[in-house]
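In this note's numbering, the protein residues as written are 7 to 121.
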């Protein structure tokens, strides 16, 4: 079963979000490998950025190298950065996902837009 985490941040550089997600997932035994990174120009001269990370289980675990999810990060010129994280809960247990979310909220919570 797939679990989704959706976050929207204000005034947070998309590259910084990508780095924090990568580091915090690694702490939980997940490798985040960048599979796509693009920048798009807008008519106003501003740019939007988009990155996709493929999440894989570390080698020391029984299902080493198996894909367990993806993270999508989109940065807009209005100062908003959005993240959508899809994970397979059979490969990324709930307790590790909760620990990841708690760390992410602690570090980046002041940037998060609460709906």
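Think of the CB as a built atom: it goes at the ideal place given N, C-alpha and C, for glycine as much as any other residue.
Mark residue i as exposed unless 16 or more other C-beta atoms lie within 10 angstroms of its C-beta, in which case mark it buried.
| i | result |
| --- | --- |
| residue 24 | buried |
| residue 48 | exposed |
| residue 51 | exposed |
| residue 79 | buried |
| residue 113 | exposed |
| residue 36 | buried |
With a threshold of 8 Å on Cβ separation, who are the neighbours of residue i within its own chain once the five nearest residues in sequence on each side are excluded?
| i | result |
| --- | --- |
| residue 119 | 14, 15, 16, 86 |
| residue 7 | 94, 95, 96 |
Considering Cα atoms alone, identify which of the options is closest to residue i.
| i | options | result |
| --- | --- | --- |
| residue 89 | 99, 117, 98, 96 | 117 |
| residue 91 | 20, 27, 18 | 27 |
| residue 74 | 32, 44, 43, 56 | 32 |
| residue 106 | 34, 18, 12, 22 | 34 |
Can you give the Cα-Cα distance for residue i and residue j, rounded to whole angstroms?
| i | j | result |
| --- | --- | --- |
| residue 10 | residue 94 | 9 Å |
| residue 121 | residue 71 | 36 Å |
| residue 62 | residue 82 | 27 Å |
| residue 59 | residue 98 | 15 Å |
| residue 96 | residue 108 | 20 Å |
| residue 111 | residue 29 | 14 Å |
| residue 20 | residue 53 | 12 Å |
| residue 76 | residue 84 | 25 Å |
| residue 38 | residue 64 | 10 Å |
Can you tell me where the alpha helix (DSSP H) holding residue i begins and where it ends?
| i | result |
| --- | --- |
| residue 25 | 20-33 |
| residue 101 | 100-114 |
Along the chain, where does the beta strand (DSSP E) that runs through residue i open and close?
| i | result |
| --- | --- |
| residue 55 | 53-63 |
CB-CB under 7 Å to residue i, same chain, minus the five flanking residues each way: which ones, in chain order?
| i | result |
| --- | --- |
| residue 43 | 57 |
| residue 18 | 87, 114, 117 |
Would residue i pass as an interface residue toward chain D - the criterion being a Cβ-Cβ separation below 8 Å?
| i | result |
| --- | --- |
| residue 63 | Within the model displayed, chain D is absent; a lone protein chain is all it includes. |
Cutting at 6 Å between CB atoms, please list the residues of its own chain near residue i, excluding the five before and the five after it.
| i | result |
| --- | --- |
| residue 102 | 34 |
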